[in-house]
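> If you count the sequence shown from 1, you need to add 13 to reach our numbering.
Just passing along the structure, written as structure tokens.
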Amino acid sequence: MADLTEKVVKIKVIGVGGAGNNVINRMIASGVSGVEFVAINTDKQDLNKSTCKNKIQIGEKLTGGMGAGS
């Protein structure tokens, strides 16, 4: 039988766009621990407001740092 005590679980929550980033911010504010958070967005201002440490801006050239719906 395998020894399960040696297994390490890594949980990542990836928030995409404004709504996904809002979810991450609420999870961080509520004290969720043991999770790595990643915020992904085209909107540079919204991404800068995020409390998440790991931020990825996508589509910078295409959207000019604005939201994809702008």
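For each residue, glycine too, the CB sits at the ideal point set by N, CA and C.
Predicted model, so just to flag it, every value in this text is computed and none were measured.
Measure the alpha-carbon distance for V51 versus R39 and round it to whole angstroms.
The sequence position of residue 51 within the sequence shown is 38, counting from 1. The sequence position of residue 39 within the sequence shown is 26, counting from 1. In a straight line, the C-alpha of V51 is about 13 Å away from that of R39.
> Let me check understanding here. Comparing Cα to Cα, which of K25, G80, E19 and T76 lies closest to K66?
The count along the sequence shown starts at 1 and reaches residue 66 at position 53. Of the listed residues, the one whose Cα sits closest to K66 is K25.
> Along the chain, where does the beta strand (DSSP E) containing E49 start, and where does it finish?
The residue given as residue 49 occupies position 36 in the sequence shown. That run of the beta strand (DSSP E) goes V48 to N54.
> Could you tell me the alpha carbon to alpha carbon distance between G31 and G82, rounded to whole angstroms?
Here residue 31 corresponds to residue number 18 of the sequence shown, with the count starting at 1. Here residue 82 corresponds to residue number 69 of the sequence shown, with the count starting at 1. If you take the alpha carbons of G31 and G82, they lie about 11 Å apart.
> From what residue to what residue does the alpha helix (DSSP H) around K23 run?
Position 10 of the sequence shown, counted from the start, is the residue given in the question as residue 23. Here K23 belongs to no alpha helix (DSSP H), and DSSP marks it neither H nor E.
> For a cutoff of 8 Å on Cβ pairs, would you count V45 as touching chain D?
Of the chains in the structure shown, none is chain D; there is only one protein chain.
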